[in-house]
Structure formats: C-alpha cells, structure tokens
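Each residue of the sequence shown is one higher than the one before, counting from 2 in my numbering.
Yeah, the Cβ is synthetic: ideal placement off N, Cα and C, and Gly gets one too.
Small disclaimer: the values here were computed from a predicted structure and weren't measured.
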Amino acid sequence: MTDNQASQGPATTRDGSSGRHLLDLFGAVRIINLPNRTDRQREMLDELGRIGIAGNDRVAFHAASRFEDAADFPTTGARGCFHSHLSVLEEAAASGARAVLILEDDLDFERDFDALMPAVREALDRVGWSVFFGGALNLSSDGPVTPIERLVPETAVMGAHFIAFRGDAIGAAASYLRAMLDRPAGSPLGGPMHVDGAYSWFRRENPAFESWIAKPFLGHQRPSRTDIHELGWKDRIPLVRDLIALGRRLRRRIQ
C-alpha cells in the first residue's frame, strides 16, 4: 500500500507502546483526508504523536475522493467518503495486506487510549475477528470494560471514523461496495448510500465475518466542519466559520 506518509508538519511525538500495539495489530493505517483540509491533517498528526506513531512508515494519509455532484448518493460528501473508503480497501486487497485500519481525519483517540489499547490487542488476538470498530455514534460504551464486544450481524453501526478489516474481509468488503455503485439508490440489493450504512449491509449479508467493537471506545469524532453533510450557515460565512472553528478547538482542549 502506498500513500503519503503521516510525517508532514509538526507533531508532538513520544515513544508510546499503545501506538505500537495498534500497528502490530492492524499493520497498515490509512487516514482519509481531503488535501485542502490542512486543519484536520495537523490535528491528526497531533493525535498520532500523542500515541507515539507520527512519522511511522506504516501510517499514511490517503487523499480523499471529491466530486462535483452527488450522483445517486445523499450528498456529494457522502459520495466522496464512500469512494475514499472503497479506494483504501481495494488498495489493501491488491497489495495483499493482512489487515488495514481506516481512520477518518476527524478522529480523536480517547484520553485513556494508552490504558485501553493493550487489552484490546490481547483480546482481539484471541478471537477470529474480521471487522473491528474502535467507536460508534449510535452505540454506548458504558458498562463493564470487556474490552471488546462481539456485534451481531444485524446491529447497524453509525460512523466509519475508526474501522479495521482483516484477511478475506478486505477484498469481500471492497467487492461489496463496488457492486453497490452499479445499482440505483434505494435498490433492495443495496445501492449508493453513506459508507457506514454500506458496512452495516455488508456485515448483515456476510455473517461469517465476525465483527467486534471496543468497549469502551478507543476513539471518537472531534467537533469539526463537516465534509460529508450539507454545511450549516455558520460554516458557510468566513468570519463566523473561523470563530466557530476556534470554539471547537477550545472545547476539544477542555473535554
């Protein structure tokens, strides 16, 4: 797999064992990022530095796809996100990667990531996982630390900001998403849709691929101007947009 190494710009680095556990478990890490979103790239470099893997040659930014129209997708951003994930999966399958971790560039690792990651790696090493989620928008990570929990195929997962595939699931997911592009929106067989929905369809139709999720979560989406959904008025007006971005950064620091 070849992409731009995640070694651009300043980042605070440290020798974190949690980052090494991440790399040993997933091998290749690809971060989907629109080249013009340098703000997110900087923030992502800081996150990588926080767990000690900024500049590692197994971690790379993947240039996100961008389109002028939505075609059959809900939005132009949803179309770009879908194609970006598909591109990462197809490249991983073509290269024979044993596993690939896909991160979106608005991901923040949890504050206790260093404490959580070793146990997650140990637990995943003991099961036959094919798909792994480091977090979700519609599920709760409250309750006892497991540190992973198996997802039944029918459980839909919102969010694709922290997702990994292993073994045959890489090529199978790529083929499944590629086939969706040949169908119309709303097809009973699955047509163009948000990529997290596509992954949920894939898992439901392929129950032999075991899916697991971290509990508690390993990461979450940071507050940031969206590239997928339609922008609200606050993110369309330059001065207001800059003030909102500053507020998001301040809120992130105090959380």
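Between residue i and residue j, is the Cβ-Cβ spacing less than 7 Å?
| i | j | result |
| --- | --- | --- |
| G198 | A94 | no |
| P193 | S142 | no |
| N34 | F62 | yes |
| H195 | A79 | yes |
| R138 | G160 | It is Leu, not Arg, that sits at residue 138 in the sequence shown. In this structure, G160 lies closer than 7 Å to L138 by Cβ. |
| P148 | A120 | yes |
| F27 | A98 | no |
| I52 | S19 | yes |
Taking the continuous alpha helix (DSSP H) assigned at residue i, which residues delimit it?
| i | result |
| --- | --- |
| H63 | No alpha helix (DSSP H) contains H63, which is instead part of the beta strand (DSSP E) from 60-64. |
| H84 | 77-96 |
| S18 | 18-27 |
| P165 | Here residue 165 is Ala; the residue named in the question, Pro, does not match the sequence. Counting along the chain, A165 falls outside any alpha helix (DSSP H), though it belongs to the beta strand (DSSP E) covering 163-167. |
Return helix, strand or coil for residue i, following the three-state DSSP convention.
| i | result |
| --- | --- |
| D197 | helix |
| E111 | coil |
| F203 | helix |
| I171 | helix |
| S331 | Outside the shown range of the chain (2 to 256) lies residue 331, about which nothing can therefore be said. |
| G220 | strand |
| E69 | coil |
| L152 | strand |
| I229 | The pLDDT assigned to I229 is 49, lower than 50, so where the model puts this residue is not dependable; a value taken from the coordinates is nonetheless given after this. Correct three-state label for I229: coil. |
| G53 | coil |
| R31 | strand |
Along the chain, where does the beta strand (DSSP E) containing residue i start, and where does it finish?
| i | result |
| --- | --- |
| E211 | 211-215 |
| S141 | Looking at the DSSP string, S141 is not in any beta strand (DSSP E), and its letter there is neither H nor E. |
| R99 | Element bounds for R99: n/a, residue is neither H nor E. |
| R38 | First-last for R38: undefined, no H or E at that position. |
My assumption, with CB atoms under 8 Å, is that residue i sits in contact with residue j. Please give the rounded CB distance.
| i | j | result |
| --- | --- | --- |
| R184 | L190 | 6 Å |
| L90 | F166 | 7 Å |
| S212 | V132 | 4 Å |
| H162 | D107 | 7 Å |
| A55 | G136 | Actually they are not in contact, since the Cβ atoms of A55 and G136 sit about 21 Å apart, beyond 8 Å. |
| V30 | L102 | 5 Å |
Can residue i be considered in contact with the ligand MG, in the sense that its beta carbon sits closer than 6 Å to one or more heavy atoms?
| i | result |
| --- | --- |
| E69 | For the structure depicted, the ligand MG is absent and the ligand set is empty, with no information on it obtainable. |
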